[in-house]
Structure formats: structure tokens, C-alpha cells
Amino acid sequence: MSLSNVTDSSTPIAGRLFAADALLPTGWARNVLLQWDATGRLLSVAPDAAPGDAPQARGPVVPGMPNLHSHAFQRAFVGLTEYRGESQDSFWSWRNLMYRFAARITPESLEAIATWLYIEMLEAGYTSVCEFHYVHHDQDGRPYADDATLSLALLRAAHNAGMGITLLPVLYQTSGFGAKPPRADQARFIRSTDNMLSLLERLAPATRAQGGVLGLAPHSLRAVPPDSLAAAVQGLTALNPQAPIHIHIAEQTQEVEDCIAWSGQRPVQWLLEHAPVDERWCLVHATHMTPQEYLDAARTGAVAGICPTTEANLGDGIFDMPLWLQHGGRWGVGSDSHACVNAAEELLMLEYGQRLSLRQRNVLASPGQAEVATAMTLQAVQGGAQASGRAIGGLAVGQQADLVALDAQHVALAGLPAHSMLSSHVFGSHRTSAIDSLWVAGVQRVSEGRHALHDTGAQAFLAARSATIAAD
Ligand SMILES: [Zn+2]
1 MSLSNVTDSS
11 TPIAGRLFAA
21 DALLPTGWAR
31 NVLLQWDATG
41 RLLSVAPDAA
51 PGDAPQARGP
61 VVPGMPNLHS
71 HAFQRAFVGL
81 TEYRGESQDS
91 FWSWRNLMYR
101 FAARITPESL
111 EAIATWLYIE
121 MLEAGYTSVC
131 EFHYVHHDQD
141 GRPYADDATL
151 SLALLRAAHN
161 AGMGITLLPV
171 LYQTSGFGAK
181 PPRADQARFI
191 RSTDNMLSLL
201 ERLAPATRAQ
211 GGVLGLAPHS
221 LRAVPPDSLA
231 AAVQGLTALN
241 PQAPIHIHIA
251 EQTQEVEDCI
261 AWSGQRPVQW
271 LLEHAPVDER
281 WCLVHATHMT
291 PQEYLDAART
301 GAVAGICPTT
311 EANLGDGIFD
321 MPLWLQHGGR
331 WGVGSDSHAC
341 VNAAEELLML
351 EYGQRLSLRQ
361 RNVLASPGQA
371 EVATAMTLQA
381 VQGGAQASGR
391 AIGGLAVGQQ
401 ADLVALDAQH
411 VALAGLPAHS
421 MLSSHVFGSH
431 RTSAIDSLWV
441 AGVQRVSEGR
451 HALHDTGAQA
461 FLAARSATIA
471 AD
């Protein structure tokens, strides 16, 4: 990524913004003039510039956060599982409840839920989402007349809200290691590998038309047998050699034990030996790794997809960030089950998990960046951009103008230096958001903290949630 203050004069400027303080890949800069073209690509990022007639941000400008892991429909399920049902509730008992909810999703309810979710994400600092989409078929498990119906509902939701998207249709074939047949309540997820590759071909033009990227998500090693994994990755690569590949891995200790019983190897160890894991891959969770697995996985250049609030909500465990960073590991954050939709709070939870387990402070400061919120934001944006397969890696020429402006007059921030404003935003958990405005690809989607579709989006979501609950 290059950082330049030279404007490419041959391309017309379509939008600009002046920020008294902006967080560039190299750190905080003063008096930054950002200019972009009609596609939303940054043409110049000039520190120490004069504002001229550019609109002025109301506070520090930071790069928009890519959300690298989302199951959109689960947003409507929040609050319905926070009670004890079994003597020891776990990820697996939660999943049974979640499947009952998933069984009732319709194309209309999915579009309404996802549209509202993306509006919430934009208001909370996310400018792009990786949608790990596994409910494909109708409520009886049969393909819709148009097999891409639910994927297209998600693309429409992203388009409605103005959210950048990497769509990751999920390959799901078995209920456990050793090609265990799928359960009845998994029928909506199941596709053959050829059928998945046909779906990708069907979705490619529609995704591209709205500036999105299409990838593939083999759900997990327990859901995709080895031959299918190899064929799917090969088929995807033939369609697009750069397409992102995301997989859930080593989220649960039960999954690790089952993988060892099946193969003699742990999930990450198995994956690294049997799949061409490289920079295209995002290892979602990767919570349970040995020190050797941390080293080997980091060396591939793959991104660790950490979902701090979901991992806390589900009792998954804590990712060893210092060890990962020591090996140069890349990472980003996802809101996954959407127990929480707030980019700042994912960073807060990630840092606090490390503090609690290590009994230290400021664990995720980096050698070049002592401010934790600043260091985490820069790293999560870069890792999230890599996992998304899109040019959304920060405020630099050639990257997309995905921008978040904080409100320097917000009571939580006023009078602080810019870097402390970001720290207060991330660690303050304020009752009202300090985000003033947000742009995706140079188009303003949030102003004065609100998305233009906030009210209509919320109403449609509430109707969809009520209908889904009532269908039980
Ligand atoms: Zn997930």
C-alpha cells in the first residue's frame, strides 16, 4: 500500500473531505485532505494540506472497519438464548436453539433482518462485511426455484444499506468428522460441491455489479470432507485465483477432540497439512491452537478472524494474541452471531480478554504504536481488508474511501488529543455513539450518527423478527 500526497490529475475528483486529524497507515497526521474519484477510490491523501473548499469532518477521521465474519440472520435471535436450559449450557446447546430459529427464515425476513443489521453496522463503524452465508434452501430443505434466492437477498440488503460486501456462500455437507450424514435440521445448508460451484458462477455477476467480492466458505472440517474441500478450493481458484476462502476452525475443544479422534491431528494442524492455506484464507476463531500451530498458521499469511464478543458469549475461549503477533500473525474482527454490533466494542473485548488472562494492561500496543486503540484499529483494518479481498485497507491512495469521522464535540471526546479521542471511543462504552459520519466508497451513509434508512429499516426488522418468532 502506497501513501502519497500526489494527486493523479488525469482522474476527475468526485469527492473530498478535510480532517484536522486523520489516522493514516503510518499513524496520526494533521490537516489531511482526502480526495476520491467517482468509484470511491482514494486519489490523494495529503497531510499538512489546506482545506480549500472541501467539507470539514467534525472530528478525527479513522478508516472504516471491515467486519470479517457475519451470519446476518442471527441478529434477530439476540436475547433469546440468555437463559440456562441444560445443566451445562455450551456452544452446542446454543446451536440447537439457533437451528430452530434458522429453520423459520424466509427470503423476505432474511432481507429485512440483514438490511437492518447492515444499517446498525454502518452506524457502529463498520464499512464492509464478510457474509458467511449457510442457509441456502427452503424450509423443507429443497432448493428455491432460483437456487440463489437467499444469497441474492443478502446482496440486496447490502445494496439497500450501502454496505460493502464479500459474499461467502458456505459449503456444508456433513454433521461430523468421518463423513457423518447431515442432521435433519441441517437440510437447508446442504449442497454438493458441483452445486456450490454452479451457485458461485450464478452469483459472480450480481456481486461484481455492486462492487462486492465473491469467495467461498467451507464451513468447517466437521462439515466438509477432505475430498470436497480440495475440489471446492480448486473450483473456486479456477473461477478467481484471488477469491477469499474462510473456514471456522478450532472454535471449540470438542471439535479439537473429535478431529484428533478422526485423523490423529488437531484441526489447524490438519488444515495446514492438507489445504493450500495462504493469504487468501481467513481462519475464523482459531481459538484452540498449540504454540506450534500459532507459528505455522501465522507463517501462511492467513488472517485470524477473531470474534471477541461472540467468543465470549458462547464461552469459546481466548485467542493468544501476544503469541500470534510475535509470529507476525495478521488478524481482524467479526461480529459473527451479532450478540454485539459495534466495531469499537469488539476491540475493547479483545484487549480486555487479554488483560484478564495475562493480568497486564495495554497488551495489544505494538512496538511502533503505544496507543492500544490506534494500534488495534490499524491492524484490524489491514487484516480485515485482506480477509475481505477488497481494497479497503485504510486511508491511502488506491484504497477505497471508507471513512469514519468522530464527533470532536461529543462530551466523551471534547478537549482530548485526537489519539485519546479514539481511545475514549473504543474504551469508553459511552451511552451515545461518538461516531458522527461515515462514508463507504466515498458515499456518505451516516450523518449525525444516523443512517438515512434507520427508522424504516428498524420497523421492517421488527416485523420480520416477530414473524420468525411466531412461526415456532
Ligand atoms: Zn461463525
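For the sequence shown, position 392 (counting from the first letter as 1) is numbered 392 according to the numbering used here, and the numbering increases by one without interruption. The beta-carbon is built from N, C-alpha and C at its ideal position, and this holds for glycine as well. All figures in this text were calculated on a predicted structure; none of them were measured in a lab.
Is residue i near ligand 1, with its Cβ less than 8 Å from a heavy atom?
i           : result
residue 310 : yes
residue 316 : no
residue 132 : yes
residue 248 : yes
residue 69  : yes
residue 198 : no
residue 307 : yes
residue 337 : yes
residue 129 : no
residue 284 : yes
Which value, in whole angstroms, describes the spacing of the CA atoms of residue i and residue j?
i           : j           : result
residue 286 : residue 42  : 34 Å
residue 428 : residue 412 : 8 Å
residue 294 : residue 320 : 9 Å
residue 204 : residue 415 : 48 Å
residue 365 : residue 373 : 8 Å
residue 109 : residue 76  : 10 Å
residue 127 : residue 444 : 11 Å
residue 171 : residue 343 : 27 Å
residue 384 : residue 65  : 7 Å
residue 219 : residue 238 : 20 Å
residue 446 : residue 60  : 15 Å
residue 212 : residue 20  : 31 Å
residue 101 : residue 341 : 19 Å
residue 297 : residue 305 : 12 Å
residue 2   : residue 98  : Summary for residue 2: the model assigns pLDDT 43, below 50, so the residue's position carries little reliability, and this model does not support an answer.
residue 318 : residue 58  : 37 Å
residue 5   : residue 242 : Because residue 5 sits at a pLDDT of 47, beneath the cut-off of 50, its placement in the model cannot be relied upon, and the following sentence gives the value as read from the coordinates. Their Cα atoms are separated by approximately 29 Å.
residue 151 : residue 362 : 40 Å
residue 420 : residue 34  : 22 Å
residue 209 : residue 165 : 11 Å
residue 346 : residue 382 : 16 Å
residue 222 : residue 112 : 31 Å
residue 401 : residue 13  : 12 Å
residue 417 : residue 278 : 39 Å
residue 393 : residue 399 : 6 Å
residue 284 : residue 255 : 14 Å
residue 81  : residue 103 : 16 Å
residue 478 : residue 74  : Because the chain here runs from 1 to 472, residue 478 falls outside it and cannot be looked at.
Count the other CB atoms within 10 Å of the CB of residue i; is the residue buried (16 or more) or exposed (fewer)?
i           : result
residue 194 : exposed
residue 228 : buried
residue 442 : buried
residue 483 : The displayed coordinates of the chain run from 1 to 472. Any statement about residue 483 would go beyond what the structure contains.
residue 125 : buried
residue 214 : buried
residue 251 : buried
residue 232 : buried
residue 92  : exposed
residue 169 : buried
residue 226 : exposed
residue 327 : exposed
residue 55  : exposed
residue 471 : exposed
residue 142 : exposed
residue 67  : buried
residue 455 : exposed
residue 356 : exposed
residue 188 : buried
residue 360 : exposed
residue 462 : exposed
residue 257 : exposed
Of all the CB atoms in chain D, is at least one closer than 9 Å to the CB of residue i?
i           : result
residue 167 : The question asks about chain D, but that chain is absent: this structure has only one protein chain.
Could you tell me how far apart the beta carbons of residue i and residue j are, in whole angstroms, since I believe they sit closer than 8 Å?
i           : j           : result
residue 135 : residue 105 : 6 Å
residue 87  : residue 315 : In fact, because the Cβ distance is near 14 Å, the residues do not count as touching under 8 Å.
residue 44  : residue 397 : 6 Å
residue 272 : residue 300 : 7 Å
residue 332 : residue 380 : 5 Å
residue 349 : residue 309 : 5 Å
residue 115 : residue 157 : 4 Å
residue 406 : residue 434 : 5 Å
Legend entry - Those runs of the beta strand (DSSP E) which lie wholly inside the region 100–138 and span at least 3 residues: Runs of the beta strand (DSSP E) inside the region 100–138: 126–133.
Inset, instruction - With a floor of 3 residues, list each beta strand (DSSP E) that falls wholly inside the region 42–82, ordered by position along the chain. - result: 42–46, 61–63 and 65–70
Inset, instruction - List in chain order: all unbroken alpha helix (DSSP H) runs of 4+ residues lying wholly within the region 364–422. - result: You should have 372–388.
Inset, instruction - Jot down the residue ranges of each uninterrupted alpha helix (DSSP H) in the region 193–274, minimum 4 residues, whole runs only, in chain order. - result: 193–209, 226–239, 253–263 and 267–274
Inset, instruction - Report the residue ranges of all beta strand (DSSP E) runs contained in full by the region 320–349; include only those spanning at least 3 residues, in chain order. - result: 330–333
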